[in-house]
Amino acid sequence: MCRAACRSARIASVMNAQLHTLIITVSPQARTSYLALASIGRRTLATTASQQSSSQFNRSDFSGQGFTGIYEPGQPTKGPLGGASIVGAPRITPRALKQHLDQFVVGQERAKKVLSVAVYNHYQRVQELQRQQDEQAEIEAQEQRSHGHPVEDEFPGQQSTMRVYPPQPPSPLETPPILDYTPLQIEKSNVLLLGPSGVGKTLMAKTLARVLDVPFSMSDCTPFTQAGYIGEDAEVCVQRLLAAANYDVAAAESGIICLDEIDKIATAKVAHGKDVSGEGVQQALLKIIEGTTLQIQAKPERGGNGRSPGSMPGNISGFPSSNPLDGQRGPGAGTGSSNPPKGETFNVRTDNILFICTGAFVGLHKMILDRISKGSIGFGAPVRASNPESGAHNTMLKGEDALFKKHLPFFVFPEPQVPHNPFAPPPAKPRQQTYNTLDLVEPSDLQKYGMIPELVGRIPISCALSALDEDALVRVLTEPRNSLLRQYEQLFQLSGIELRVTSGALREIAKSAGGMGTGARGLRTVLERLLGECMFETPGSHVKHILITRDVALLKSAPLYFQRGQSHTFHATIAQEEENWDEELREKEMPGQVSSFEEYRKKGLVAGAGGFM
Numbered sequence: 001m002c003r004a005a006c007r008s009a010r011i012a013s014v015m016n017a018q019l020h021t022l023i024i025t026v027s028p029q030a031r032t033s034y035l036a037l038a039s040i041g042r043r044t045l046a047t048t049a050s051q052q053s054s055s056q057f058n059r060s061d062f063s064g065q066g067f068t069g070i071y072e073p074g075q076p077t078k079g080p081l082g083g084a085s086i087v088g089a090p091r092i093t094p095r096a097l098k099q100h101l102d103q104f105v106v107g108q109e110r111a112k113k114v115l116s117v118a119v120y121n122h123y124q125r126v127q128e129l130q131r132q133q134d135e136q137a138e139i140e141a142q143e144q145r146s147h148g149h150p151v152e153d154e155f156p157g158q159q160s161t162m163r164v165y166p167p168q169p170p171s172p173l174e175t176p177p178i179l180d181y182t183p184l185q186i187e188k189s190n191v192l193l194l195g196p197s198g199v200g201k202t203l204m205a206k207t208l209a210r211v212l213d214v215p216f217s218m219s220d221c222t223p224f225t226q227a228g229y230i231g232e233d234a235e236v237c238v239q240r241l242l243a244a245a246n247y248d249v250a251a252a253e254s255g256i257i258c259l260d261e262i263d264k265i266a267t268a269k270v271a272h273g274k275d276v277s278g279e280g281v282q283q284a285l286l287k288i289i290e291g292t293t294l295q296i297q298a299k300p301e302r303g304g305n306g307r308s309p310g311s312m313p314g315n316i317s318g319f320p321s322s323n324p325l326d327g328q329r330g331p332g333a334g335t336g337s338s339n340p341p342k343g344e345t346f347n348v349r350t351d352n353i354l355f356i357c358t359g360a361f362v363g364l365h366k367m368i369l370d371r372i373s374k375g376s377i378g379f380g381a382p383v384r385a386s387n388p389e390s391g392a393h394n395t396m397l398k399g400e401d402a403l404f405k406k407h408l409p410f411f412v413f414p415e416p417q418v419p420h421n422p423f424a425p426p427p428a429k430p431r432q433q434t435y436n437t438l439d440l441v442e443p444s445d446l447q448k449y450g451m452i453p454e455l456v457g458r459i460p461i462s463c464a465l466s467a468l469d470e471d472a473l474v475r476v477l478t479e480p481r482n483s484l485l486r487q488y489e490q491l492f493q494l495s496g497i498e499l500r501v502t503s504g505a506l507r508e509i510a511k512s513a514g515g516m517g518t519g520a521r522g523l524r525t526v527l528e529r530l531l532g533e534c535m536f537e538t539p540g541s542h543v544k545h546i547l548i549t550r551d552v553a554l555l556k557s558a559p560l561y562f563q564r565g566q567s568h569t570f571h572a573t574i575a576q577e578e579e580n581w582d583e584e585l586r587e588k589e590m591p592g593q594v595s596s597f598e599e600y601r602k603k604g605l606v607a608g609a610g611g612f613m
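Quick note on UniProt numbering: the sequence shown kicks off at 1 and runs consecutively.
See below:
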């Protein structure tokens with residue numbers, strides 16, 4: 001026992017000596033660094049604990065990001081949420097689209113709303129389809145990773161496991177039900193705009209294409225013919241869209257195509273021969289509008305870079321793009337080339353292309369009136385009366401002709417009633433309510449006009465544009481950002497000449513243009529006639545001011561020229577013309593009413609002179 005105890009004591013002393021030697025061999029630098037790391041760790045834990053214990057943030061933590069209690073949708077988000085993700089939030093709304101259209105198009109409130117909603121829903125649909133495709137691709141990638149082998153897939157060259165008896169799936173006891181896991185598909189809604197010439201159908205489509213910064217092409221349906229005949233094929237519209245997108249297939253497949261003058265491909269009423277420019281073209285447009293895959297061969301456009309009017313295929317200005325599809329396309333998007341190899345073929349799908357069809361449809365309003373007034377016989381029945389002032393392009397109903405209001409396919413909000421003030425002057429005579437006959441259009445009317453039912457059914461949204469009256473034409477002259485009056489003022493300003501047009505002259509110009517039957521396009525014709533001599537004589541002369549008065553618009557006098565130094569006379573003449581025009585308007589609105597003491601004194605003098613005589 002003593003030997004065992006001594007042996008164990010000797011072993012313990014040796015182990016203690018070795019352990020003591022191991023501790024001594026550690027260098028002082030290592031011991032110092034270890035202590036420093038330990039102290040840093042303790043300090044970090046203490047700091048974190050103190051920060052977590054505090055329940056409030058310091059204002060210095062958000063330097064440069066002030067707190068605010070006001071939220072403005074159009075402004076960037078401030079504060080701690082300034083860098084938050086905005087995935088799923090709409091970058092543009094139908095209301096914003098309509099507000100932009102209001103800057104360029106006068107009137108046509110319902111048409112602007114319908115078109116804004118259609119374009120917004122179209123790109124919402126395209127974004128949803130892109131999201132579904134990305135989600136499906138992620139699911140397939142996860143399934144592929146779950147069925148993969150950890151060694152055979154990661155290390156190339158490994159041999160697959162040889163199975164003598166491949167696994168057999170268990171046979172089901174009963175027939176499984178048919179399950180369809182296809183996600184919900186939102187179909188597109190194409191748009192048909194009806195209205196006389198010069199009311200803004202084409203302008204609205206071009207304006208929306210500019211603000212959205214998406215590929216846009218416009219094709220006139222007049223030269224379209226059936227395949228194999230002299231003329232243009234219906235597929236040319238898709239080819240122009242691809243060229244407007246710089247041959248970027250992904251961008252073109254979500255663009256906008258405007259088919260102008262679609263009423264010109266109506267079925268011809270011929271008893272013999274083949275209708276190659278009517279029903280044949282409609283049949284060719286069926287599959288394109290519905291959705292198909294076309295093989296487009298690259299062909300350079302004549303005299304240009306392949307971009308159609310109104311298209312903005314690329315963001316070359318350096319400013320952020322307003323395209324709702326930016327950041328939604330795949331990695332292969334944006335790789336198009338503006339100069340592709342000649343003869344190269346592109347496969348373009350038209351499923352997600354929005355088609356906007358426009359047409360005047362001359363004479364369609366008469367077919368609508370015939371359908372509505374059919375059977376209106378008897379006492380108290382609305383009888384369709386012939387209006388001698390209405391022409392082939394007049395689609396408006398006035399006064400007692402507006403008996404078809406109950407047939408409108410949409411709700412009309414009543415005008416708000418203003419409470420009458422007994423101390424206020426008598427209100428002016430209310431304007432006569434007008435209605436657009438084309439608002440009552442039905443698919444049967446379009447089929448009777450010459451459109452095949454298959455094509456009519458693929459354009460579910462139809463909206464009519466009203467003809468522009470005299471007041472609307474005056475607004476067209478002055479209100480839009482690129483109005484005709486501003487264009488001519490800028491044109492004379494380039495020569496150092498100031499052009500002014502009085503209110504009375506604007507009214508007469510609008511009245512002359514309204515009688516031409518070409519809508520707003522007649523305004524340029526009237527202005528060219530009035531200013532043609534001025535544009536010839538004044539550049540390079542001593543004339544610095546040109547005034548167009550009401551007498552000038554009525555062709556009773558020549559335009560008034562004012563030279564340098566006659567600026568005071570120029571402005572005094574304008575003030576006098578405006579005062580005379582305002583007085584004439586007051587006489588028309590309230591005949592016999594006295595609005596000022598000066599008028600009362602004049603009437604008293606006239607009455608006294610009459611009594612003396």
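For every residue, glycine included, the Cβ atom is placed at its ideal position computed from N, Cα and C.
Best match in the options for proximity to residue i [C-alpha to C-alpha]
i	options	result
Thr93	Phe562, Glu109, Gln124, Ser444	Gln124
Gly343	Ala513, Leu184, Gly504, Ile296	Ile296
Arg210	Pro176, Leu101, Glu537	Leu101
Ile257	Asp220, Val476, Ala360	Asp220
Phe346	Ala558, Thr549, Phe355, Ala245	Ala245
Glu508	Ser483, Leu285, Thr437, Glu470	Glu470
Gly231	Val238, Thr222, Gly532	Thr222
Phe570	Phe361, Ser557, Leu547	Leu547
Gln282	Gly457, Leu193, Leu129	Gly457
residue 616	Lys287, Met218, Asp351, Thr202	The chain is shown from 1 up to 613; residue 616 falls before or after that span and cannot be answered.
Extent of the continuous alpha helix (DSSP H) to which residue i belongs
i	result
Ala250	249-252
Leu364	364-372
Cys534	521-537
Tyr488	484-493
Trp471	Going by the sequence as given, residue 471 is Asp instead of Trp. Counting along the chain, the alpha helix (DSSP H) containing Asp471 begins and ends at 470-478.
Asp102	94-102
Own chain partners of residue i with C-beta closer than 8 Å, once the 5 adjacent residues on each side are dropped
i	result
Lys98	Lys112, Lys113, Ser116
Gly496	Lys544
Residue i classed as buried or exposed, judged by whether at least 16 other C-beta atoms fall within 10 angstroms
i	result
Pro196	buried
Ala243	buried
Ile178	exposed
Gln563	exposed
Leu523	buried
Gly565	exposed
Asn190	buried
Ser171	exposed
Ile23	Here the model assigns Ile23 a pLDDT of 44, short of 50, so the residue's position is not dependable and the matter cannot be decided.
Val254	Checking the sequence, you will find Ser at residue 254 rather than Val. Flag for Ser254 reads buried.
Lys374	exposed
Ala268	exposed
Lys355	The sequence shown places Phe at residue 355, rather than the Lys named in the question. Phe355 should be labelled buried.
Glu174	exposed
Thr292	exposed
N- and C-terminal bounds of the beta strand (DSSP E) containing residue i
i	result
Lys544	543-548
Val346	What sits at residue 346 in the sequence shown is Phe, not Val. Per DSSP, Phe346 belongs to the beta strand (DSSP E) from 345-349.
Thr358	354-359
Ile296	293-297
residue 615	The question about residue 615 has no answer, for the chain in this structure spans 1 to 613.
Cys463	461-464
Leu203	Where Leu203 is concerned, there is no enclosing beta strand (DSSP E), although the alpha helix (DSSP H) it sits in stretches over 201-212.
Glu498	498-501
Asn436	434-436
Val191	191-194
Leu560	560-563
Chain-order list of residues whose beta-carbon lies under 6 Å from that of residue i (same chain, five-residue window excluded)
i	result
Gly327	Unreliable positioning characterises Gly327 in this predicted model, as indicated by a pLDDT of 47, which lies under 50. A coordinate reading is not provided.
Pro480	Phe104
Ala513	Leu473, Gly522, Leu523, Val526
Ala549	The sequence given here places Thr at residue 549; Ala does not occur at that position. Excluding residues within five positions, the ones whose Cβ falls inside 6 Å are Thr502, Ala505, Glu577.
Val552	Pro559
Thr478	Leu485
Cβ neighbours of residue i in the same chain (closer than 7 Å, five flanking residues each side left out)
i	result
Thr518	Ser197, Gly198
Glu584	none
Glu261	Asp220, Cys221, Thr222, Gly359
Review point. Are three or more beta carbon pairs between the region 221-237 and the region 173-192 nearer than 8 Å?
Key: no
Check your understanding: Between the region 127-134 and the region 482-499, are three or more C-beta pairs nearer than 8 Å?
Key -> no
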